[in-house]
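Undergrad: Residue numbers (the UniProt record's numbering), protein chains in the order written: chain B, 1 to 217; chain F, 1 to 217. Glycine included, C-beta positions come from ideal geometry on N, C-alpha and C. No experiment lies behind these values; they were computed from the predicted model shown. One structure is given below, represented as structure tokens, and several questions about it will come after.
There are 2 protein chains.
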Amino acid sequence: MREAYYDELEGVFDDLAEITKMVEEAVQSATQALLTGDAELAERVISADAAIDSRREKVENDAFNLLSLQQPVARDLRTIVAALRMVSELERMGDLAEHVAKVARLRVPGLAVPETLRPTMTRMSTIALEMVGRLRVVITDRDVSAAARLAEIDEEMDKLRRLNFTELLRADWSHGVEAAVDVALLGRYYERLADHAVAVANRVVYVVTGDFPVAGV
Amino acid sequence: MREAYYDELEGVFDDLAEITKMVEEAVQSATQALLTGDAELAERVISADAAIDSRREKVENDAFNLLSLQQPVARDLRTIVAALRMVSELERMGDLAEHVAKVARLRVPGLAVPETLRPTMTRMSTIALEMVGRLRVVITDRDVSAAARLAEIDEEMDKLRRLNFTELLRADWSHGVEAAVDVALLGRYYERLADHAVAVANRVVYVVTGDFPVAGV
Numbered sequence: 001m002r003e004a005y006y007d008e009l010e011g012v013f014d015d016l017a018e019i020t021k022m023v024e025e026a027v028q029s030a031t032q033a034l035l036t037g038d039a040e041l042a043e044r045v046i047s048a049d050a051a052i053d054s055r056r057e058k059v060e061n062d063a064f065n066l067l068s069l070q071q072p073v074a075r076d077l078r079t080i081v082a083a084l085r086m087v088s089e090l091e092r093m094g095d096l097a098e099h100v101a102k103v104a105r106l107r108v109p110g111l112a113v114p115e116t117l118r119p120t121m122t123r124m125s126t127i128a129l130e131m132v133g134r135l136r137v138v139i140t141d142r143d144v145s146a147a148a149r150l151a152e153i154d155e156e157m158d159k160l161r162r163l164n165f166t167e168l169l170r171a172d173w174s175h176g177v178e179a180a181v182d183v184a185l186l187g188r189y190y191e192r193l194a195d196h197a198v199a200v201a202n203r204v205v206y207v208v209t210g211d212f213p214v215a216g217v
Numbered sequence: 001m002r003e004a005y006y007d008e009l010e011g012v013f014d015d016l017a018e019i020t021k022m023v024e025e026a027v028q029s030a031t032q033a034l035l036t037g038d039a040e041l042a043e044r045v046i047s048a049d050a051a052i053d054s055r056r057e058k059v060e061n062d063a064f065n066l067l068s069l070q071q072p073v074a075r076d077l078r079t080i081v082a083a084l085r086m087v088s089e090l091e092r093m094g095d096l097a098e099h100v101a102k103v104a105r106l107r108v109p110g111l112a113v114p115e116t117l118r119p120t121m122t123r124m125s126t127i128a129l130e131m132v133g134r135l136r137v138v139i140t141d142r143d144v145s146a147a148a149r150l151a152e153i154d155e156e157m158d159k160l161r162r163l164n165f166t167e168l169l170r171a172d173w174s175h176g177v178e179a180a181v182d183v184a185l186l187g188r189y190y191e192r193l194a195d196h197a198v199a200v201a202n203r204v205v206y207v208v209t210g211d212f213p214v215a216g217v
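This is how it looks when you write it as structure tokens:
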């Protein structure tokens, strides 16, 4: 009975790592669809989001059953409560990747991101993807130091977001309002992806150490 | 002991209603600051967000202690798990109100929303505020039918968001890129506020009935 319980607790974390992998694939494909104008790939990201949602439901049900049947305390309780919060943020990250794919789809056969903003947007998407990849490692290995690194990388994302705004608001902007709105929203989606990655990583730190690395996260 | 337990369980819901009231005030003040260019009011909303964050921490601690010390099952367990999810969404709603206040502050002494877009943006903010107010009633009275009404109102928000985009992307847009970006992001913030209000209300329905009104929310 106890052994099965620990397997289940471990299983919840395996599911979280698996969902993070699904999110990683969604961010990668959505970004590729965005930068190449690949409508079919965008469509696949949008359809695949349902699988993330249903996996989230599984984690919620498993966590609830563990709470209900095993009445865990102390660290196990902390782990399950954290898992419930993490899965909710991971699902939200999947939604954000879907939003990116929807912007891509909307502009096909054109591209949402004008040539001059491509370097910054590409960098933002690369960082978002890297953060999700690192988050997967944080979850899989319960690696507290890797979690701290995520917060550092997020600072670069914040700088890029400001650069993105500066580029948009240059006096010689010539790509029209539609492109400006697309790029501003895309910047927001990638920034939020990064924020969620940091928040989820901080929850792993909490599970391992009992403390949050950053107040209020 | 048991009586104190039920008081604490009730207390968590009282806290949630109180946080919702704080969010309501934040949305109201942020919107007023936005539409009048009141920097001082915007500043107050930004400072007040810390109080929402710390109230959230209190709810998390109380919920965790209830789980740990009382080992609730069935409906009580459902209630506490739901409260943990709700408080996280309510805090996020506070952040969104803060984002609105920050856009307002950034454009002082000017106004972020150009005259022609004021009616739609005013309507969006009014609906967001109405939804938060109704959410407070849903939480206070555990009113399932009032929760269903929220989802209906949210449909109007979605229509307004589309109208907001149509207005932005009119060929004769003359307010520049900065205003377009501001308005697109503001539209997103109000839309997300409404989405969160529906999601939190659905969690109340879940607590009362044991079922979610909408799949996957």
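Just how far apart, CA to CA, sit Pro213 of chain B and Arg55 of chain F?
TA: Numbered from 1 along the first sequence, position 213 holds the residue referred to as residue 213 of chain B. Numbered from 1 along the second sequence, position 55 holds the residue referred to as residue 55 of chain F. One C-alpha to the other measures close to 19 Å.
Undergrad: What is the rounded straight-line gap between the Cα of Leu16 of chain F and the Cα of Ala194 of chain F?
TA: Taking the first residue of the second sequence as position 1, residue 16 of chain F is located at position 16. Taking the first residue of the second sequence as position 1, residue 194 of chain F is located at position 194. Looking at the two C-alpha atoms, the distance is approximately 17 Å.
Undergrad: Can you find a C-beta in chain B that's less than 8 Å from the C-beta of Leu186 of chain F?
TA: Taking the second sequence and counting its residues from 1, the one referred to as residue 186 of chain F is at position 186. Judged by the 8 Å Cβ criterion, Leu186 of chain F is not in contact with chain B.
Undergrad: List the residues of chain F that Ser68 of chain B touches, going by C-beta distances under 7 Å, in chain order.
TA: Here residue 68 of chain B corresponds to residue number 68 of the first sequence, with the count starting at 1. Result: Val73, Leu77.
Undergrad: Quick one: which residues of the UniProt domain "PhoU" (17-103) of chain F get their C-beta closer than 7 Å to a C-beta of chain C? List them in chain order.
TA: The structure shown has no chain C; the protein chains it does contain are B and F.
Undergrad: Going straight from the alpha carbon of Val198 of chain B to that of Met131 of chain B, what length do you get?
TA: Counting from one through the first sequence, the residue named residue 198 of chain B turns up at place 198. Counting from one through the first sequence, the residue named residue 131 of chain B turns up at place 131. Near 8 Å, if we compare the C-alpha coordinates of Met131 of chain B and Val198 of chain B.
Undergrad: Using the Cα positions of Val144 of chain B and Pro119 of chain F, report the straight-line distance between them to the nearest angstrom.
TA: Numbered from 1 along the first sequence, position 144 holds the residue referred to as residue 144 of chain B. Numbered from 1 along the second sequence, position 119 holds the residue referred to as residue 119 of chain F. Answer to the nearest angstrom: the Cα atoms are 49 Å apart.
Undergrad: Give me the Cα-Cα distance between Arg44 of chain B and Met22 of chain B, rounded to the nearest whole angstrom.
TA: By 1-based counting over the first sequence, the position of residue 44 of chain B is 44. By 1-based counting over the first sequence, the position of residue 22 of chain B is 22. For Arg44 of chain B and Met22 of chain B, the distance between alpha carbons rounds to 12 Å.
Undergrad: Is there at least one Cβ from chain F nearer than 8 Å to Glu155 of chain B's Cβ?
TA: As a position in the first sequence, residue 155 of chain B is number 155, starting the count at 1. Glu155 of chain B does not count as touching chain F.
Undergrad: Strictly below 8 Å CB to CB, what residues from chain B border Val181 of chain F?
TA: Residue numbering aside, residue 181 of chain F sits at position 181 when the second sequence is read from its first letter. Within 8 Å Cβ-Cβ: Phe165, Leu168, Leu169, Ala180, Val181, Ala184.
Undergrad: Return the residues of the stretch 105-116 of chain B that lie within a Cβ-Cβ distance of less than 9 Å from chain F, sorted by chain order.
TA: So the list is empty, because no residue satisfies the distance condition.
Undergrad: By the three-class DSSP mapping on this structure, what secondary structure does Gln71 of chain F have?
TA: Sequence index remark: in the second sequence, residue 71 of chain F carries index 71 (1-based). Gln71 of chain F: coil per DSSP, three-state reduction.
Undergrad: Taking the CB atoms as reference points, tell me whether Arg142 of chain B and Val204 of chain B lie closer together than 8 Å.
TA: Numbered from its first residue, the first sequence carries residue 142 of chain B at position 142. Numbered from its first residue, the first sequence carries residue 204 of chain B at position 204. Yes; because the gap between Cβ atoms is below 8 Å, this pair is in contact.
Undergrad: With DSSP run on the structure shown, which of helix, strand or coil describes Gly110 of chain F?
TA: In the second sequence, residue 110 of chain F corresponds to position 110, counting from 1. Note: Gly110 of chain F maps to coil in three-state DSSP.
Undergrad: Taking the straight line between their C-alpha atoms, what separation do you get for Arg146 of chain B and Thr20 of chain B?
TA: Counting from 1 along the first sequence, the entry for residue 146 of chain B is found at position 146. Counting from 1 along the first sequence, the entry for residue 20 of chain B is found at position 20. The sequence shown places Ala at residue 146 of chain B, not Arg. Near 15 Å, if we compare the C-alpha coordinates of Thr20 of chain B and Ala146 of chain B.
Undergrad: Along the chain, where does the alpha helix (DSSP H) that runs through Ser145 of chain F open and close?
TA: Counted from its first residue, the second sequence places residue 145 of chain F at position 145. That run of the alpha helix (DSSP H) goes 144-168.
Undergrad: What residues from chain B crowd round Val177 of chain F, counting only those whose CB sits closer than 8 Å?
TA: Residue numbering aside, residue 177 of chain F sits at position 177 when the second sequence is read from its first letter. By Cβ distance, chain B contributes Leu168, Leu169, Trp173, Val177, Ala180.
Undergrad: Would you grab the beta carbon distance between Leu169 of chain B and Met124 of chain B for me? Rounded to a whole angstrom, and I think it's under 8 Å.
TA: If you number the first sequence from 1, residue 169 of chain B lands on position 169. If you number the first sequence from 1, residue 124 of chain B lands on position 124. Actually they do not touch by this definition, with Cβ atoms about 17 Å apart.
Undergrad: Grab me the residues of Leu163 of chain B's own chain with a C-beta within less than 8 Å of its C-beta, minus the 5 sequence neighbours each way, in chain order.
TA: For this step, residue 163 of chain B is matched to residue 163 along the first sequence. Around Leu163 of chain B: Thr120.
Undergrad: Exposed or buried, which one is Val73 of chain F when buried takes at least 16 other CB atoms within 10 Å?
TA: Here residue 73 of chain F is taken as the residue at index 73 of the second sequence, counted from 1. With fewer than 16 Cβ atoms within 10 Å of its Cβ, Val73 of chain F is classed as exposed.
Undergrad: In whole angstroms, what is the alpha-carbon distance linking Glu149 of chain B and Ser29 of chain F?
TA: Along the first sequence, read from residue 1 onward, the residue named residue 149 of chain B stands at position 149. Along the second sequence, read from residue 1 onward, the residue named residue 29 of chain F stands at position 29. Going by the sequence as given, residue 149 of chain B is Arg instead of Glu. Looking at the two C-alpha atoms, the distance is approximately 37 Å.
Undergrad: Give the list of continuous alpha helix (DSSP H) stretches no shorter than 4 residues that lie fully inside the stretch 30-92 of chain F.
TA: Listed in chain order, they are 39-70.
Undergrad: Please report the straight-line C-alpha distance between Asn202 of chain F and Gly210 of chain F, rounded to a whole angstrom.
TA: If you number the second sequence from 1, residue 202 of chain F lands on position 202. If you number the second sequence from 1, residue 210 of chain F lands on position 210. Taking the straight line from one Cα to the other gives about 11 Å.
Undergrad: What residue range is occupied by the uninterrupted alpha helix (DSSP H) comprising Asp141 of chain F?
TA: The residue you call residue 141 of chain F lines up with position 141 of the second sequence. 118-141 is the extent of the alpha helix (DSSP H) around Asp141 of chain F.
Undergrad: Given Ala179 of chain F, which residues of its chain have a CB within under 6 Å of its CB, disregarding the five upstream and five downstream residues?
TA: Counting from one through the second sequence, the residue named residue 179 of chain F turns up at place 179. Excluding sequence neighbours, Ala179 of chain F sits near Pro114.
Undergrad: Please classify Ala104 of chain B: does DSSP put it in a helix, a strand, or coil?
TA: Within the first sequence, numbered from 1, the residue matching residue 104 of chain B stands at position 104. Note: Ala104 of chain B maps to helix in three-state DSSP.
Undergrad: Please identify the residue among F:Glu156, F:Gln70, F:Ala83 whose C-alpha is closest to the C-alpha of Glu3 of chain F.
TA: Position 3 of the second sequence, counting from 1, holds the residue named residue 3 of chain F. Among F:Glu156, F:Gln70, F:Ala83, the Cα nearest to that of Glu3 of chain F belongs to F:Gln70.
Undergrad: Measure from the alpha carbon of Ser47 of chain B to the alpha carbon of each residue in B:Asp76, B:Arg107, B:His99, B:Phe165, then state which is nearest.
TA: Against the first sequence, residue 47 of chain B aligns to sequence position 47. For the residues B:Asp76, B:Arg107, B:His99, B:Phe165, the minimum Cα distance to Ser47 of chain B belongs to B:His99.
Undergrad: If I measure Cβ to Cβ from His175 of chain F and keep anything under 6 Å in the same chain, skipping five residues before and after, which residues do I get?
TA: By 1-based counting over the second sequence, the position of residue 175 of chain F is 175. Correct list, in chain order: Pro114.
Undergrad: Using only the alpha-carbon positions, how far apart do Ala128 of chain B and Tyr5 of chain F sit?
TA: Start at 1 with the first residue of the first sequence, and residue 128 of chain B comes out as number 128. Start at 1 with the first residue of the second sequence, and residue 5 of chain F comes out as number 5. Rounded to whole angstroms, Ala128 of chain B to Tyr5 of chain F spans 44 Å at the Cα level.
Undergrad: My output table needs one value for Asp7 of chain F: the three-state DSSP class, helix, strand or coil.
TA: Counted from its first residue, the second sequence places residue 7 of chain F at position 7. Looking at Asp7 of chain F - three-state DSSP - the assignment turns out to be helix.
Undergrad: Can you give the Cα-Cα distance for Gly94 of chain B and Val27 of chain B, rounded to whole angstroms?
TA: Position 94 of the first sequence, counted from the start, is the residue given in the question as residue 94 of chain B. Position 27 of the first sequence, counted from the start, is the residue given in the question as residue 27 of chain B. Distance between the alpha carbons of Gly94 of chain B and Val27 of chain B is about 8 Å.
Undergrad: Quick one: what's got a C-beta closer than 7 Å to Val87 of chain B's C-beta in the same chain, skipping five residues either side?
TA: Position 87 of the first sequence holds residue 87 of chain B. Contacts found: Leu16, Ile19, Arg56, Val59, Glu60.
Undergrad: What is the rounded straight-line gap between the Cα of Ala151 of chain B and the Cα of Asp76 of chain F?
TA: Along the first sequence, one-based indexing puts residue 151 of chain B at 151. Along the second sequence, one-based indexing puts residue 76 of chain F at 76. Their backbone Cα atoms lie some 36 Å apart in a straight line.
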